[in-house]
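Remarks on the structure that follows.
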């Protein structure tokens, strides 16, 4: 890789050992992706949950944090991904004191670097990221996905009432999220691409998705396809540019969405845990959970976990949403995401097997942790939690 004078000095150790290690690591990443040089970024997002780090990883961070302050401090604003422990509720979830102690060690090390502990699901790059394909042009190895009418009247989020929720409650949900369908679409597109180098273009949507549908779509796209970027003409800001002729389109319709959801259906199964996470919930999603739970109680054999950021949790507390949700028997957590929170150990401690969620990303991940996941709308998840079985 071509290095600037500053980058060469960093690699030579002139800015301290932590930065020498950091740029050496980034060079290794760049060489793997055949990057010619680096592109500078304005902020960074750090994923370092303790389940992945383990004792060795946390010890490594502590070693870097022991360097002199000028050498270890981050050069651009840096924030953190969700953590593994919410210290207010970890015992209730079956997590151990040893897990909490390791988490605190990691937090102290990250604070020593000057990292802002936001604990949120936001994706940024490091200060100097290898100049890979997605930094150069949209769609240079793109795939065109035609999603014809796939989320039109069927999508509760865009105003269509949920037939299931209406049948079970006799009323139309106030918010009517069916983010599981957007996650299903992202999953299907991801499987169709199946490559980090693909930048899919999604055309033919009959609605304009808001931020919550887009985050579920993007999370599932990355999880099922390792796809870093996508483009929706007229919705996302960038223009899609193809190096040559666009590839043949891949049509996706309502039957494809239904078939994907059917892969994770388990009607009648005893329900152990319902998780709303991956990504963390917005304030509107928190309100939807509170509204759907109003006047009802979670089944005593089912646990409901609602994961959100610290800022949204504070707003939820102030607005009385947390009290309404927890009054119905659910648990509201802050700063964590379920699959980064010792999910396997929680399953073993609590005897959980059947899990239900509206996150397609989560169902893709949790099979590897020993869960049997089901994917459905937010409303259906909550109705099932109250019933104690998958509806």
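Residue numbers (the working numbering): -12 to 378.
Glycine residues also receive a C-beta, built at the ideal position from the N, C-alpha and C atoms.
Being a predicted model, the structure only gives us computed values, none of them experimental.
In the assembly as shown, residue 343 is a buried residue. Its beta-carbon has 16 or more other beta-carbons within 10 Å.
Taking a 10 Å sphere around the C-beta of residue 235, we find fewer than 16 other C-beta atoms and assign the residue as exposed.
A direct Cα-Cα distance of roughly 10 angstroms separates residue 306 from residue 300.
With respect to residue 40, residue 67 sits apart: the two C-beta atoms are not nearer than 8 angstroms.
Here the C-alpha atom of residue 97 lies approximately 27 angstroms from the C-alpha atom of residue 303. Note that the stretch 196 to 211 touches the stretch 338 to 356; at least 3 beta-carbon pairs, one per stretch, sit closer than 8 angstroms. Boundaries cannot be given for residue 1, as no beta strand (DSSP E) includes it and DSSP labels it neither H nor E. Residues of the same chain with a CB within less than 6 angstroms of the CB of residue 81, apart from the 5 flanking positions on each side, are 333, 336, 337 in chain order.
Closest in alpha carbon position to residue 217, among 54, 172, 245, is 172. Looking at the DSSP output, residue 94 shares a beta bridge with no other residue. The beta carbons of residue 368 and residue 293 sit no closer together than 8 angstroms. In this structure residue 375 does not touch residue 192 by the C-beta definition: roughly 36 angstroms separates them, more than the 8 angstroms allowed.
Of 365, 287, 212, the smallest CA-CA separation from residue 200 is found for 365.
Residue 244 has no beta-bridge partner at all, per DSSP. Boundaries of the alpha helix (DSSP H) around residue 38: 37 to 52. Secondary structure at residue 343: strand, using DSSP grouped into helix, strand and coil.
Taking 8 angstroms as the cut-off, the beta carbon of residue 35 is found closer than this to the beta carbon of residue 93.
With fewer than 16 other CB atoms across the displayed protein chains lying within 10 angstroms of its CB, residue 42 is exposed. When rounded, the separation of the alpha-carbon atoms in residue -9 and residue 28 is 15 angstroms. Residue state for residue 299 is assigned as helix, using DSSP reduced to three classes.
Excluding its 5 nearest sequence neighbours in each direction, residue 296 has C-beta neighbours in its own chain below 6 angstroms: 107, 267, listed in chain order. Judged by DSSP in its simplified three-state form, residue 286 adopts coil rather than helix or strand. Nearest Cα to residue 179 within the set 198, 210, 165: 210. In this structure, the beta-carbon distance from residue 58 to residue 5 falls below 8 angstroms. Cβ-Cβ separation between residue 378 and residue 370: approximately 5 angstroms, consistent with a contact (criterion under 8 angstroms).
With respect to the 8 angstroms criterion, residue 233 and residue 190 are not classified as neighbours on the basis of their beta carbons. Counting C-beta atoms within 10 angstroms of its own C-beta, residue 330 has 16 or more neighbours from the protein chains shown and is therefore classed as buried. Around the beta carbon of residue 12, a 10 Å sphere encloses fewer than 16 other beta carbons of the protein chains shown; the residue is thus reported as exposed. Here the alpha carbons of residue 279 and residue 318 stand approximately 15 angstroms from one another. Taking a C-beta distance under 8 angstroms as the contact criterion, residue 314 and residue 285 do not qualify as a contact pair. Taking each of 322, 325, 290 in turn and checking the Cα distance to residue 312, the smallest one comes out for 290. In the three-state reduction of the DSSP assignment, residue 222 falls in the coil class. DSSP assignment within the stretch 317 to 378 yields the following whole beta strand (DSSP E) runs of 3 residues or more, N-terminal first: 318 to 321, 341 to 344, 359 to 362. Residue 251 sits away from residue 215, with the two beta carbons spaced by 8 angstroms or more. Looking at the backbone, the Cα of residue 3 and that of residue 246 are separated by about 54 angstroms.
If you draw a 10 Å sphere on the C-beta of residue 167, you find 16 or more other C-beta atoms in it, and that means buried.
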